[in-house]
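Undergrad: Handing you a structure now.
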Amino acid sequence: MDINKVEILPLYPNGTNSTFFTECCEAAICDDQPCCPVCGREVIGSEIESKHERHLYRWRSAYREDQKT
2 MDINKVEILP LYPNGTNSTF FTECCEAAIC DDQPCCPVCG REVIGSEIES KHERHLYRWR
62 SAYREDQKT
């Protein structure tokens, strides 16, 4: 395990659009951004190369998290 690797953070959707925000800084994040634009922490799905696949993964993860609460 690489102790220098930052924690993966989940995203959450805001309202009914497809904009996602990081949990760490509540900053909007685009599909092509692997890290939080404010603090630089790695965000869930950052390892996925395809922008489309990353978007789908983040969308599914966000709504899966949303349904748990």
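2 is the number of the first residue of the sequence shown in the working numbering; add one for each residue after it.
Just so it is clear, CB atoms sit at the ideal spot from N, CA and C, and this is done for glycine as well.
Could you tell me the alpha carbon to alpha carbon distance between W60 and D32, rounded to whole angstroms?
TA: 10 angstroms
Undergrad: Excluding the 5 residues flanking G46 on each side, which residues of the same chain have their C-beta closer than 6 angstroms to its C-beta?
TA: R55, Y58 and R59
Undergrad: Exposed or buried, which one is T23 when buried takes at least 16 other CB atoms within 10 Å?
TA: buried
Undergrad: In angstroms with no decimal places, state the Cα-to-Cα distance between V44 and P35.
TA: Cα-Cα distance, rounded: 6 angstroms.
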